[in-house]
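K.L.:
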Ligand SMILES: Cc1cc2nc3c(=O)[nH]c(=O)nc-3n(C[C@H](O)[C@H](O)[C@H](O)COP(=O)(O)O)c2cc1C
C-alpha cells in the first residue's frame, strides 16, 4: 500500500504533524510526505503547456509527486485552516495538479492515475468553519483520481485543546487509517 500525504502546516511540532504522526504509525506499506512549506515546488504559472501536452513544463520536485501519484493507493491532505482555507503554500502546490484537469478537459486523455482513496485532515484554532477548506481539498483529491473520499476529520479548537488531545480527532485519524486499508 502506498500513501501520499500533503502537509500544509509550517510548524514542525504543531497540531497537524501530531495527528499525522498518529496516522502514519498506523499505516502499513510506504508513504511519502510533501511538506508544502519546505519542498521545492513552484506554483503553476499558467504557461498553457498542459493544455496540449501531458505532464508539466516546470522541472522541480513536483515531477516526483506526479510519478508517485501514478500508482499510489491513497492521498491524504492535511492542513491548518488559515482564513477558512487551506494554507497558501499548500494551495500553491495544489495548483500544479492543473495538468490533470487539462488532461480531462482540453486534451481529452485519461490521467493514467490509479483510482485512489482520499481523506482530509484539518486543524483550526476554532474560528469560523472548516467547510471551505474541506471543499477545496476535495476538489484537489478529485483531480488526483480519488474515487472514494472519507468524511472530514477536523480538530477545530486548537487554541484551547492541542489536536492530539482531541479524542474525536484522534479517533477520526484512526478511522482514516482503517479506511485506507479497507
Ligand atoms: C495566518 C493564520 C490564519 C488562521 N486562520 C484561522 C481560521 O480561519 N480559522 C481557525 O479556526 N483557525 C485559524 N488559524 C489558527 C490555526 O489554524 C491553528 O493554530 C492550527 O492549530 C495551527 O496548526 P499547526 O500547528 O498544524 O500549524 C489561523 C492561524 C494563522 C497563523
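Residue numbers (this note's numbering): 36 to 217.
Each residue gets a CB set at the ideal place from its N, CA and C atoms; glycine is no exception.
The structure displayed is predicted, hence computed values, not measured ones.
Count the other CB atoms within 10 Å of the CB of residue 161; is the residue buried (16 or more) or exposed (fewer)?
P.N.:
Burial call: exposed.
K.L.:
Go ahead and label residue 153 buried or exposed: buried means 16 or more other beta carbons lie within 10 angstroms of its beta carbon, across all protein chains shown.
P.N.:
Looking at its Cβ environment, which holds 16 or more other Cβ atoms inside 10 Å, residue 153 is buried.
K.L.:
Helix, strand or coil for residue 122 per DSSP?
P.N.:
Coil at residue 122, not helix or strand.
K.L.:
Pull the bridge partners of residue 153 from the DSSP assignment, please.
P.N.:
Bridge partners of residue 153: 110 and 184.
K.L.:
Is it true that the region 136 to 150 meets the region 46 to 56, where meeting means three or more beta-carbon pairs spaced less than 8 Å apart?
P.N.:
Touching, no, given that fewer than three Cβ pairs across the two stretches are closer than 8 Å.
K.L.:
Are there any heavy atoms of ligand 1 lying less than 7 Å away from the beta-carbon of residue 161, as far as the coordinates show?
P.N.:
Under cutoff, so the answer is yes.
K.L.:
By the three-class DSSP mapping on this structure, what secondary structure does residue 62 have?
P.N.:
Residue 62 falls in the coil class under three-state DSSP.
K.L.:
Do residue 187 and residue 208 count as a contact pair if the criterion is CB distance below 8 Å?
P.N.:
Not in contact: residue 208 and residue 187 (Cβ atoms no closer than 8 Å).
K.L.:
Compute the minimum distance between the beta carbon of residue 112 and the heavy atoms of ligand 1, and state whether it is under 7 Å.
P.N.:
No, since every heavy atom of ligand 1 falls outside the 7 Å radius drawn around the Cβ of residue 112.
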